[in-house]
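Using our numbering, the first residue of the sequence shown is number 91, and each one after it goes up by one.
By construction, the Cβ of each residue, glycine as well, lies at the ideal position given by its N, Cα and C atoms.
Since the structure is predicted, the reported quantities are computational estimates derived from the model, not experimental observations.
To start, the structure itself, in C-alpha coordinates.
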Amino acid sequence: MKSKMDEYRRRDDDDLRAELEEKERECFDIRFQQASEKATHPGLLRALRKEVARIKTVLRERELEREV
(Lines of atoms letter the chains of each structure in order from A and count residues from 1; the text may use other names and numbers.)
(Lines give C-alpha, C1' and ligand atoms only; values in the text may rest on other atoms or scores of the structure.)
Protein backbone atom coordinates (compact mmCIF):
# COMPACT_ATOMS: atom_id res chain seq x y z
CA MET A 1 0.00 0.00 0.00
CA LYS A 2 2.80 2.40 0.86
CA SER A 3 4.24 2.14 -2.61
CA LYS A 4 0.84 2.87 -4.13
CA MET A 5 0.52 6.03 -2.03
CA ASP A 6 4.02 7.10 -3.04
CA GLU A 7 3.07 6.58 -6.67
CA TYR A 8 -0.01 8.77 -6.27
CA ARG A 9 1.97 11.46 -4.47
CA ARG A 10 4.43 11.69 -7.38
CA ARG A 11 1.67 12.35 -9.91
CA ASP A 12 0.16 15.76 -10.63
CA ASP A 13 -3.35 16.85 -9.63
CA ASP A 14 -4.88 16.72 -13.09
CA ASP A 15 -3.67 13.18 -13.63
CA LEU A 16 -5.04 12.11 -10.25
CA ARG A 17 -8.41 13.71 -10.91
CA ALA A 18 -8.65 11.91 -14.25
CA GLU A 19 -7.84 8.59 -12.62
CA LEU A 20 -10.30 9.31 -9.81
CA GLU A 21 -13.05 9.88 -12.34
CA GLU A 22 -12.14 6.65 -14.13
CA LYS A 23 -12.10 4.61 -10.90
CA GLU A 24 -15.44 6.04 -9.76
CA ARG A 25 -16.94 5.14 -13.12
CA GLU A 26 -15.60 1.59 -12.77
CA CYS A 27 -17.19 1.36 -9.30
CA PHE A 28 -20.49 2.46 -10.75
CA ASP A 29 -20.26 -0.12 -13.51
CA ILE A 30 -19.46 -2.91 -11.07
CA ARG A 31 -22.34 -1.94 -8.77
CA PHE A 32 -24.62 -2.00 -11.79
CA GLN A 33 -23.33 -5.47 -12.74
CA GLN A 34 -23.87 -6.72 -9.20
CA ALA A 35 -27.44 -5.46 -9.26
CA SER A 36 -28.06 -7.40 -12.45
CA GLU A 37 -26.19 -10.43 -10.98
CA LYS A 38 -23.49 -10.46 -13.64
CA ALA A 39 -20.51 -9.52 -11.49
CA THR A 40 -17.54 -11.80 -12.00
CA HIS A 41 -15.10 -10.49 -9.36
CA PRO A 42 -16.85 -9.63 -6.10
CA GLY A 43 -13.65 -8.33 -4.44
CA LEU A 44 -12.96 -5.89 -7.24
CA LEU A 45 -15.44 -3.29 -5.97
CA ARG A 46 -13.75 -3.18 -2.57
CA ALA A 47 -10.33 -2.77 -4.17
CA LEU A 48 -11.58 0.05 -6.40
CA ARG A 49 -13.17 1.85 -3.46
CA LYS A 50 -9.83 1.70 -1.63
CA GLU A 51 -8.06 3.15 -4.69
CA VAL A 52 -10.61 5.98 -4.80
CA ALA A 53 -10.00 6.68 -1.11
CA ARG A 54 -6.23 6.76 -1.63
CA ILE A 55 -6.51 9.22 -4.50
CA LYS A 56 -8.90 11.45 -2.56
CA THR A 57 -6.53 11.37 0.41
CA VAL A 58 -3.60 12.60 -1.68
CA LEU A 59 -5.70 15.35 -3.28
CA ARG A 60 -6.95 16.46 0.15
CA GLU A 61 -3.40 16.51 1.57
CA ARG A 62 -2.34 18.81 -1.23
CA GLU A 63 -5.36 21.03 -0.71
CA LEU A 64 -4.53 21.42 2.97
CA GLU A 65 -0.88 22.18 2.17
CA ARG A 66 -1.96 25.05 -0.08
CA GLU A 67 -4.09 26.57 2.69
CA VAL A 68 -1.15 26.86 5.10
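Have a look at the options and flag the residue whose alpha-carbon is nearest the alpha-carbon of residue i.
| i | options | result |
| --- | --- | --- |
| Asp160 | Glu157, Arg144, Val148, Glu155 | The structure shown has nothing for residue 160, since the chain only spans 91 to 158. |
| Tyr98 | Val158, Arg152, Glu157 | Arg152 |
| Glu141 | Phe122, Arg121, Glu109 | Glu109 |
| Leu106 | Ala143, Glu157, Leu154 | Ala143 |
What three-state label does DSSP hand residue i in the structure shown?
| i | result |
| --- | --- |
| Val158 | coil |
| Thr147 | helix |
| Ser126 | coil |
From what residue to what residue does the alpha helix (DSSP H) around residue i run?
| i | result |
| --- | --- |
| Arg101 | Taken as a continuous stretch (DSSP letters only), Arg101 belongs to no alpha helix (DSSP H), as it is neither H nor E. |
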